[in-house]
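Asks: Every number in this note's numbering is 13 more than the matching position in the sequence shown, counting from 1. Got a structure for you, questions after.
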Amino acid sequence: MKLGKKFLPINKQDLKENGINELDFVLITGDAYVDHPSFGTAIIGRVLEDAGYTVGIIAQPDWKDVNSFKVLGKPKLAFLINSGNIDSMVNHYTAAKKKRHEDLYSPGGEEGHRPDRAVIVYSNKAREAYKDVPIVIGGIESSLRRFAHYDYWDNKIRRSILLDAKADLLIYGMGEKTIVQLADLLRYGMTFSNITDLRGTVYSTNDISNLRNFVKIPSYEECIESKKSYAESFKLEYYEQDPIRGKGIIQKHNDRYIVQNPPQLPLTQEEMDRVYSLPYTRTYHPIYEAKGGIPAIQEVKFSITSHRGCFGSCSFCALTFHQGRMIQNRSEESIIDEAKLLTTLDDFKGYIHDVGGPTANFRHKSCKIQEKVGTCRDRQCMFPTPCKNLIVDHSEYLNLLRNIRALPKVKKVFIRSGIRFDYLMCDKNDSFFEELCKYHVSGQLKVAPEHINSKVLKLMGKPDKKVYDKFSEKYYAINKKINKKQYLVPYLMSSHPGSDLNAAIELAEYIKTMGYTPEQVQDFYPTPGSLSTAMYYTGVNPLTGKPVYIPREQKEKNMQRALLQFNMPQNYKLVKEALEKCGREDLIGKGRNCLIPYRNIVRKGTKNKALPRKNSRKNH
Numbered sequence: 014m015k016l017g018k019k020f021l022p023i024n025k026q027d028l029k030e031n032g033i034n035e036l037d038f039v040l041i042t043g044d045a046y047v048d049h050p051s052f053g054t055a056i057i058g059r060v061l062e063d064a065g066y067t068v069g070i071i072a073q074p075d076w077k078d079v080n081s082f083k084v085l086g087k088p089k090l091a092f093l094i095n096s097g098n099i100d101s102m103v104n105h106y107t108a109a110k111k112k113r114h115e116d117l118y119s120p121g122g123e124e125g126h127r128p129d130r131a132v133i134v135y136s137n138k139a140r141e142a143y144k145d146v147p148i149v150i151g152g153i154e155s156s157l158r159r160f161a162h163y164d165y166w167d168n169k170i171r172r173s174i175l176l177d178a179k180a181d182l183l184i185y186g187m188g189e190k191t192i193v194q195l196a197d198l199l200r201y202g203m204t205f206s207n208i209t210d211l212r213g214t215v216y217s218t219n220d221i222s223n224l225r226n227f228v229k230i231p232s233y234e235e236c237i238e239s240k241k242s243y244a245e246s247f248k249l250e251y252y253e254q255d256p257i258r259g260k261g262i263i264q265k266h267n268d269r270y271i272v273q274n275p276p277q278l279p280l281t282q283e284e285m286d287r288v289y290s291l292p293y294t295r296t297y298h299p300i301y302e303a304k305g306g307i308p309a310i311q312e313v314k315f316s317i318t319s320h321r322g323c324f325g326s327c328s329f330c331a332l333t334f335h336q337g338r339m340i341q342n343r344s345e346e347s348i349i350d351e352a353k354l355l356t357t358l359d360d361f362k363g364y365i366h367d368v369g370g371p372t373a374n375f376r377h378k379s380c381k382i383q384e385k386v387g388t389c390r391d392r393q394c395m396f397p398t399p400c401k402n403l404i405v406d407h408s409e410y411l412n413l414l415r416n417i418r419a420l421p422k423v424k425k426v427f428i429r430s431g432i433r434f435d436y437l438m439c440d441k442n443d444s445f446f447e448e449l450c451k452y453h454v455s456g457q458l459k460v461a462p463e464h465i466n467s468k469v470l471k472l473m474g475k476p477d478k479k480v481y482d483k484f485s486e487k488y489y490a491i492n493k494k495i496n497k498k499q500y501l502v503p504y505l506m507s508s509h510p511g512s513d514l515n516a517a518i519e520l521a522e523y524i525k526t527m528g529y530t531p532e533q534v535q536d537f538y539p540t541p542g543s544l545s546t547a548m549y550y551t552g553v554n555p556l557t558g559k560p561v562y563i564p565r566e567q568k569e570k571n572m573q574r575a576l577l578q579f580n581m582p583q584n585y586k587l588v589k590e591a592l593e594k595c596g597r598e599d600l601i602g603k604g605r606n607c608l609i610p611y612r613n614i615v616r617k618g619t620k621n622k623a624l625p626r627k628n629s630r631k632n633h
């Protein structure tokens with residue numbers, strides 16, 4: 014594995030220096046250009062280059078000026094368009110739909126370098142620049158919007174992004190294999206109108222008479238008309254996302270049909286090793302230096318992606334819809350090679366920040382059965398209880414971490430991509446747990462119980478509260494054994510479907526017993542592609558058809574969030590109102606279990622701190 018010395022072309026001068034008269038592909042992205050394997054644009058560009066194609070990058074073009082889309086000339090084969098590593102709407106707006114004031118994927122963290130709905134805007138502008146050049150859209154924004162979908166920001170059902178972008182093809186999921194297969198077809202003379210059976214792609218047509226073994230789902234018009242139809246549509250989409258057993262899907266949009274071919278086959282270990290061995294420069298393009306670079310690189314520059322996919326299947330996460338449930342991993346040799354490369358970088362200080370994936374300790378497929386028949390259609394690997402066929406083994410991951418720790422110049426290896434604690438608790442061998450605490454935690458370990466109310470946890474697809482309690486007990490016991498004072502930092506979520514004020518109060522009481530108030534609380538964010546978002550829109554669980562309570566009003570969402578941070582002075586009024594509304598005045602006062610005092614008094618010289626009066630009556 015070697016460090017790359019040259020970036021992909023970004024202007025005509027680069028083309029001249031590389032002896033390129035015409036690019037095969039021009040890749041347009043909503044992120045600044047960072048040539049690092051944690052950035053999808055860099056991966057797709059390098060994979061195509063490795064396959065013998067010429068690729069140029071137009072990063073964050075001025076979407077108001079068509080000339081910005083012409084800086085590399087007319088591509089021979091196609092424009093490739095994505096919004097960047099993050100959905101452009103999520104990048105721009107909070108869960109409360111308030112505008113964010115920074116963009117970590119832009120120069121100096123400045124906002125305003127990409128439009129809302131970037132894929133649509135870029136695609137239409139690229140079409141204006143060169144009317145006859147095919148357009149292929151991909152990345153997270155396209156992948157999660159490939160069918161009719163609920164849009165939280167417009168609060169309505171929008172049609173497939175393929176149609177709004179007026180693109181010729183949509184690539185969904187992790188696209189390395191698909192993009193090279195597409196490029197090869199184009200090189201040998203196939204036209205987009207004839208590319209109708211490529212795995213991992215979506216196309217539109219007005220004729221489906223020749224299609225076989227496809228699942229028809231409710232149409233765009235039916236989804237608009239009926240939430241029941243939308244729930245049915247989502248359920249069918251959800252069940253067919255497996256690369257082995259998954260079928261193609263057809264959805265009618267007016268007089269057109271959106272056709273999704275079955276998911277692309279997972280990368281083999283050898284294929285994945287090759288992807289990560291390509292000559293990335295591993296930094297941002299020097300054109301951004303004047304503004305201080307690109308902040309997003311800091312978190313990942315010394316991190317290593319060891320695998321993809323997640324079989325945890327949390328309802329609020331769209332990962333199942335994008336990366337899939339089946340784990341794809343790199344070899345230990347490949348990961349060690351990358352770790353060695355990191356130690357040679359000038360600014361390496363001895364710390365590898367992460368070795369993981371969506372879930373760090375999911376290093377291999379969840380069971381042997383899925384290698385032949387795919388993941389189970391209507392059974393989760395971890396929920397409601399771990400499957401009897403689940404392979405619980407941390408030994409390979411542990412050996413990998415040991416070998417990285419042993420490398421010269423490596424002082425510490427952290428794990429920041431998250432540990433699935435219920436999977437860890439299934440392991441009867443404590444070796445990984447002990448070494449995790451001893452070597453891979455820096456004062457605190459972040460985990461994600463998300464909630465403690467049983468009804469909410471069930472809808473989230475998360476384990477019961479008692480599993481987290483047992484994990485917490487064991488974590489502190491191990492730290493005591495190794496003579497370390499380290500803490501747990503739980504990720505918690507407010508306003509998830511199923512969570513009413515009483516559930517939020519229950520969680521607040523639990524937080525009180527922890528003696529820890531979370532500095533950050535994640536409000537549920539309805540993004541396309543997740544099961545929880547479908548619940549949010551329809552008011553039912555699409556998989557069961559059962560009704561689900563939905564906190565929709567911003568006032569209630571604010572209350573739930575405040576309850577999870579009940580001791581912050583600025584939250585006093587909302588917490589008191591929520592407690593009174595639910596008849597829980599027993600939690601107001603000076604009692605041991607109370608969340609807030611009787612009154613919120615700001616005394617002179619204090620910083621808005623909630624203090625009870627000295628003469629306030631005792632809580633009963």
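All residues carry an ideal CB built from backbone N, CA and C; glycine is no exception. Predicted model only: the values in this text are computed from it and were never measured.
So what does DSSP say about glycine 261, is it helix, strand or coil?
Replies: To locate residue 261, count along the sequence shown from 1; it is residue 248. Strand, per DSSP.
Asks: Comparing alpha-carbon positions, which option in Gln73, Arg565, Leu514 and Pro560 lies nearest cysteine 595?
Replies: Numbered from its first residue, the sequence shown carries residue 595 at position 582. Closest by alpha carbon: Leu514.
Asks: Kindly provide the ranges of any beta strand (DSSP E) runs that are 3 or more residues long and lie completely inside the segment 452-524, ordered along the chain.
Replies: List check, beta strand (DSSP E) in window: 457-463 and 500-507.
Asks: Would you list, in sequence order, the uninterrupted beta strand (DSSP E) runs of no fewer than 3 residues that lie entirely inside the segment 327-396?
Replies: Counting whole runs of 3 or more residues, the segment 327-396 contains the beta strand (DSSP E) stretches 367-369.
Asks: Please say whether tyrosine 293 and glycine 474 have beta carbons closer to each other than 8 Å?
Replies: By 1-based counting over the sequence shown, the position of residue 474 is 461. By 1-based counting over the sequence shown, the position of residue 293 is 280. No, Cβ-Cβ distance for glycine 474 and tyrosine 293 is not below 8 Å.
Asks: Beta-carbon within less than 8 Å of isoleucine 432's beta-carbon, same chain only, minus the 5 sequence neighbours each way: which residues are those?
Replies: Looking up residue 432 in the sequence shown gives position 419. Excluding sequence neighbours, isoleucine 432 sits near Thr372, Ala373, Asn374, Leu449, Leu458 and Val460.
Asks: Does the distance from the C-beta atom of glycine 604 to that of tyrosine 611 stay below 8 Å?
Replies: For this step, residue 604 is matched to residue 591 along the sequence shown. For this step, residue 611 is matched to residue 598 along the sequence shown. Not a contact, by the Cβ cut-off of 8 Å.
Asks: For serine 222, count neighbouring C-beta atoms within 10 Å of its own C-beta (all shown protein chains included) and say buried if the count is 16 or more, exposed if not.
Replies: Looking up residue 222 in the sequence shown gives position 209. Classification of serine 222: exposed, given that the 10 Å Cβ count is below 16.
Asks: Just checking, does the segment 83-94 make contact with the segment 136-153 on the three C-beta pairs under 8 Å criterion?
Replies: Yes, since at least three Cβ pairs between the segment 83-94 and the segment 136-153 fall closer than 8 Å, the two stretches touch.
Asks: Just tell me which of Asn496, Asp197 and Lys248 has its CA closest to the CA of aspartate 63.
Replies: As a position in the sequence shown, residue 63 is number 50, starting the count at 1. Nearest C-alpha to aspartate 63: Asp197.
Asks: With DSSP collapsed to three states, give me the class of lysine 425.
Replies: Within the sequence shown, residue 425 is the residue found at index 412, counting from 1. Lysine 425 falls in the strand class under three-state DSSP.
Asks: Using alpha carbons as the reference points, say which of Tyr523, Gln578, Lys15 and Pro476 lies closest to serine 326.
Replies: As a first step, residue 326 must be located in the sequence shown, where it is residue number 313. Of the listed residues, the one whose Cα sits closest to serine 326 is Pro476.
Asks: For glutamate 519, which residues of its own chain have a beta-carbon under 7 Å away from its beta-carbon, when the five flanking residues on both sides are left out?
Replies: Working through the sequence shown from its first residue, we reach residue 519 at position 506. Contacts found: Ile465 and Asn466.
Asks: Hey, isoleucine 170 and tyrosine 243: beta-carbon distance below 8 Å or not?
Replies: The count along the sequence shown starts at 1 and reaches residue 170 at position 157. The count along the sequence shown starts at 1 and reaches residue 243 at position 230. Contact flag set, yes.
Asks: Label glutamate 463 either buried or exposed according to how many other C-beta atoms from any shown protein chain fall within 10 Å of its C-beta, with 16 as the threshold for buried.
Replies: As a working mapping, residue 463 is identified with position 450 in the sequence shown. Buried, since its Cβ has 16 or more Cβ neighbours within 10 Å.
Asks: Determine which residues share a DSSP beta bridge with isoleucine 170 and list them.
Replies: Indexing the sequence shown from 1 puts residue 170 at position 157. Answer is Tyr163.
Asks: Straight-line CA distance for lysine 487 to leucine 437?
Replies: Position 474 of the sequence shown, counted from the first residue, corresponds to residue 487. Position 424 of the sequence shown, counted from the first residue, corresponds to residue 437. Distance between the alpha carbons of lysine 487 and leucine 437 is about 11 Å.
Asks: Please report how far the alpha carbon of tyrosine 297 lies from the alpha carbon of serine 408, in whole angstroms.
Replies: Within the sequence shown, the letter at position 284 stands for residue 297. Within the sequence shown, the letter at position 395 stands for residue 408. Approximately 36 Å between the Cα atoms of the pair.
Asks: What is the residue span of the alpha helix (DSSP H) that asparagine 95 lies within?
Replies: One-based indexing of the sequence shown puts residue 95 at position 82. Careful: asparagine 95 lies outside any alpha helix (DSSP H), inside the beta strand (DSSP E) at 91-95.
Asks: Rounding to the nearest angstrom, what Cα-Cα distance links histidine 509 and lysine 471 in this structure?
Replies: The sequence position of residue 509 within the sequence shown is 496, counting from 1. The sequence position of residue 471 within the sequence shown is 458, counting from 1. Going by the C-alpha atoms only, they are around 11 Å apart.
Asks: Could you name the residues of the same chain whose beta carbon sits closer than 6 Å to that of threonine 619, not counting the 5 residues immediately before and after it, in chain order?
Replies: What you label residue 619 is simply residue 606 of the sequence shown in a count that begins at 1. Confidence in threonine 619 is poor, its pLDDT being 42 and thus under 50, which makes the residue's placement unreliable; the coordinate value appears in the next sentence. Correct list: empty, nothing qualifies.
Asks: Note down, in chain order, each residue of its chain lying with its Cβ closer than 8 Å to the Cβ of leucine 505, except the 5 sequence neighbours on either side.
Replies: As a working note, residue 505 is residue 492 in the sequence shown. Result list for leucine 505: Pro462, Glu463, His464, Leu520, Ile524, Pro531, Val534, Gln535 and Leu577, in chain order.
Asks: Let's see if you can read the secondary structure: which residues bound the beta strand (DSSP E) around phenylalanine 227?
Replies: Here residue 227 refers to the residue found at position 214 when the sequence shown is read from its first residue. Counting along the chain, the beta strand (DSSP E) containing phenylalanine 227 begins and ends at 227-230.
Asks: Where arginine 630 and glutamate 598 are concerned, what is the direct C-alpha to C-alpha distance, given to the nearest angstrom?
Replies: On the sequence shown, residue 630 is found 617 positions in, with the first residue counted as 1. On the sequence shown, residue 598 is found 585 positions in, with the first residue counted as 1. The predicted position of arginine 630 is uncertain, since its pLDDT is 33 and thus under 50; a value taken from the coordinates is nonetheless stated next. Straight-line Cα distance between these residues: approximately 14 Å.
Asks: Please list, in chain order, all residues of the same chain as histidine 633 whose beta carbon is under 7 Å from its beta carbon, the five residues on each side excluded.
Replies: One-based indexing of the sequence shown puts residue 633 at position 620. The pLDDT assigned to histidine 633 is 36, lower than 50, so where the model puts this residue is not dependable; a value taken from the coordinates is nonetheless given after this. Excluding residues within five positions, none has a Cβ falling inside 7 Å.
Asks: Please tell me whether lysine 240 and glycine 552 are closer than 8 Å, where the distance is taken between their beta carbons.
Replies: Along the sequence shown, one-based indexing puts residue 240 at 227. Along the sequence shown, one-based indexing puts residue 552 at 539. Yes; because the gap between Cβ atoms is below 8 Å, this pair is in contact.
Asks: Mind reading off the beta-carbon distance from glutamine 254 to proline 276? Whole number of angstroms is fine, and I expect it under 8 Å.
Replies: Residue numbering aside, residue 254 sits at position 241 when the sequence shown is read from its first letter. Residue numbering aside, residue 276 sits at position 263 when the sequence shown is read from its first letter. Right, their Cβ atoms sit about 6 Å apart.
Asks: Who are the Cβ neighbours of glutamine 452 in its own chain at under 8 Å, not counting the five residues just before and after it?
Replies: Mapped onto the sequence shown, residue 452 falls at position 439. In the sequence as presented, glutamine is not what sits at residue 452; that position holds tyrosine. Once the five neighbours on either side are set aside, the close Cβ partners of tyrosine 452 are Leu414, Arg418, Lys425 and Val426.
Asks: Does the segment 345-354 come close enough to the segment 389-399 to have 3 or more Cβ pairs within less than 8 Å?
Replies: Touching, no.
Asks: Could you name the residues of the same chain whose beta carbon sits closer than 6 Å to that of tyrosine 165, not counting the 5 residues immediately before and after it, in chain order?
Replies: Numbered from 1 along the sequence shown, position 152 holds the residue referred to as residue 165. Closer than 6 Å at Cβ, skipping near neighbours: Pro539.
Asks: Return the bridge partner residues of phenylalanine 38 from the DSSP annotation.
Replies: Position 25 of the sequence shown, counting from 1, holds the residue named residue 38. In the DSSP output, where bridge partners are listed per residue, phenylalanine 38 has Val68 and Ala91.
Asks: For isoleucine 192, report the span of its alpha helix (DSSP H) as first-last.
Replies: Residue mapping note: residue 192 aligns to position 179 of the sequence shown, counting from 1. Isoleucine 192 -> alpha helix (DSSP H) spans 189-200.
Asks: Is the CB of histidine 453 under 8 Å away from at least one CB in chain B?
Replies: Going by chain labels, chain B is absent from the structure shown, which holds only one protein chain.
Asks: For lysine 353, collect the residues of the same chain with a Cβ closer than 8 Å to its Cβ; drop the 5 residues on either side in sequence, then sort them by chain order.
Replies: Here residue 353 corresponds to residue number 340 of the sequence shown, with the count starting at 1. These residues qualify, in order along the chain: Met14 and Leu420.
Asks: So aspartate 181 and proline 147 are supposed to be a Cβ contact under 8 Å. How far apart are they, rounded?
Replies: Counting from 1 along the sequence shown, the entry for residue 181 is found at position 168. Counting from 1 along the sequence shown, the entry for residue 147 is found at position 134. That belief holds up - the Cβ atoms of aspartate 181 and proline 147 are roughly 4 Å apart, short of 8 Å.
Asks: To the nearest angstrom, report how far apart cysteine 439 and asparagine 342 are at their CA atoms.
Replies: Sequence index remark: in the sequence shown, residue 439 carries index 426 (1-based). Sequence index remark: in the sequence shown, residue 342 carries index 329 (1-based). Taking the straight line joining both Cα atoms gives about 21 Å.
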